[in-house]
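Read top to bottom, the protein sequences are chains A and B.
Just so we're aligned: the first sequence equals residues 4 to 143 in our numbering.
Just so we're aligned: the second sequence equals residues 4 to 143 in our numbering.
We put the beta carbon where it would ideally sit given N, CA and C, even for glycine.
The block underneath contains the structure these notes are about, expressed in structure tokens.
There are 2 protein chains.
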Amino acid sequence: MSTIERTLALVGDRWTILVLRAAFRGIHRFDDFCADLGIGRPILTARLRKLVAAGLMERVPYQHHPPRYEYRLTPKGTALSPAIVALVRWGDENMSTTPPTTRLVHAPCGTELEQGFWCKTCAVRFGPTAIRGVPDAAQA
Amino acid sequence: MSTIERTLALVGDRWTILVLRAAFRGIHRFDDFCADLGIGRPILTARLRKLVAAGLMERVPYQHHPPRYEYRLTPKGTALSPAIVALVRWGDENMSTTPPTTRLVHAPCGTELEQGFWCKTCAVRFGPTAIRGVPDAAQA
């Protein structure tokens with residue numbers, strides 16, 4: 004399988020994307036995922052297992068008697084957020100049959116977020132037409 | 004189907020993502036897609052048809068005798084670039100069995116691009132922990 008096929012096999016299904024999106028919003032506990040997403044418990048169990056096995060989430064104890072665990076994004080899982088947020092927003096804007104009911108905003112001020120590319124050398128934001136692919140010198 | 008299911012049905016397959024990524028890089032002609040991607044002609048034909056039917060690309064004549072067409076991203080297709088670029092980069096960094104051979108850079112200066120979220124009110128870049136979902140007032 005190519006890299007993009009492996010990536011899609013891991014995160015390219017509806018429930019996995021919705022579980023990750025809920026985790027980005029700060030949801031961590033099994034019952035909270037169920038209530039927030041309206042997802043069945045067996046489906047949620049399977050998706051959380053897959054995400055933990057792939058290293059995108061980790062099980063962290065939050066209570067010892069009786070033992071209880073919550074699910075936290077790892078750095079690898081958090082690194083997916085620009086992709087998931089962009090895909091979900093594009094879908095809401097372009098593929099929805101009903102207007103979206105939620106907007107994603109910058110929490111401190113409430114302004115709808117924007118996405119794009121950033122160059123730290125030039126300190127500018129830019130769009131896709133200013134992207135170039137170059138051979139990785141480390142591999143040359 | 005939910006919105007995210009419709010979105011994945013349209014763009015959640017390997018070749019569609021690779022065709023879009025090539026188009027972001029400025030590839031527009033059938034033979035150039037074939038050469039760049041090593042994609043079979045029937046698969047490429049099917050993917051381009053799907054993308055044109057969905058309004059992500061459009062067929063534009065570039066020669067009249069004989070008639071020849073190239074494939075250009077529409078604004079709807081271009082709007083997918085943050086999602087596709089983020090997904091492919093995350094895969095290259097986290098799911099690849101071999102080091103990636105290409106880096107995506109800011110064309111004018113060659114610095115590797117960064118992605119994140121931007122607030123135009125505060126004029127700051129921010130990460131996923133500063134995102135909040137709010138009910139859309141227009142739908143209330």
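Please state whether DSSP places residue i in a helix, a strand or coil.
i, result
"B:Cys37", "helix"
"B:Val55", "helix"
"A:Arg28", "coil"
"B:Leu116", "coil"
"A:Ile87", "helix"
"B:Thr105", "strand"
"B:Gly80", "helix"
"A:Asp95", "helix"
"B:Thr100", "coil"
"A:Ile7", "helix"
"A:Ile42", "coil"
"A:Ala49", "helix"
I need the straight-line Cα distance from residue i to residue j, nearest angstrom please.
i, j, result
"A:Ile7", "B:Asp34", "22 Å"
"B:Arg128", "B:Thr48", "40 Å"
"A:Gly41", "A:His31", "15 Å"
"B:Tyr65", "B:Arg75", "11 Å"
"B:Leu23", "B:Phe36", "10 Å"
"B:Arg44", "B:Arg135", "44 Å"
"B:Val137", "A:Arg28", "11 Å"
"B:Asn97", "A:Pro78", "11 Å"
"B:Ala133", "A:Leu83", "15 Å"
"A:Val14", "A:Pro102", "25 Å"
"A:Trp12", "B:Gly94", "Note that residue 12 of chain A is Ala in the sequence shown here, rather than Trp. Roughly 11 Å between the two C-alpha positions."
"A:Glu73", "A:His67", "12 Å"
"A:Leu21", "A:Thr124", "35 Å"
"B:Thr100", "A:Arg52", "22 Å"
"A:Pro70", "B:Ala38", "56 Å"
"A:Asp139", "A:Ile87", "26 Å"
"A:Thr104", "A:Ile46", "25 Å"
Are there 16 or more other CB atoms within 10 angstroms of the CB of residue i, so buried, or fewer, so exposed?
i, result
"A:Thr19", "buried"
"B:Ala89", "buried"
"A:Ser5", "exposed"
"B:Gly80", "buried"
"A:Pro85", "buried"
"B:Ala26", "buried"
"B:Arg106", "buried"
"B:Arg92", "buried"
"B:Thr10", "buried"
"A:Arg62", "exposed"
"B:Arg50", "buried"
"A:Arg17", "buried"
"A:Cys122", "buried"
"A:Ala143", "With a pLDDT of 44 at A:Ala143, under the threshold of 50, the modelled position of this residue cannot be trusted, and the question is left open."
Going by DSSP, name the residue or residues bridged to residue i.
i, result
"A:Pro64", "A:Tyr72"
"B:Tyr135", "Going by the sequence as given, residue 135 of chain B is Arg instead of Tyr. DSSP lists A:Val108 as partners of B:Arg135."
"B:Cys122", "B:Val127"
Quick check: is any heavy atom of the ligand FAD less than 7 Å from the C-beta of residue i?
i, result
"A:Val108", "The model on display carries no ligand, and the ligand FAD is accordingly not part of it."
Return no unless some Cβ of chain E is closer than 8 Å to the Cβ of residue i.
i, result
"B:Arg50", "Protein chains in the displayed structure are A and B, and chain E is not among them."
Exercise. Would you check if there are 3 or more beta carbon pairs closer than 8 Å linking the stretch 109–120 of chain A to the stretch 50–59 of chain A?
Key: no
Quiz item: Is it a yes or a no for the stretch 103–112 of chain B touching the stretch 123–138 of chain A, going by three-plus beta-carbon pairs under 8 Å?
Solution: Enough Cβ pairs lie closer than 8 Å, so yes.
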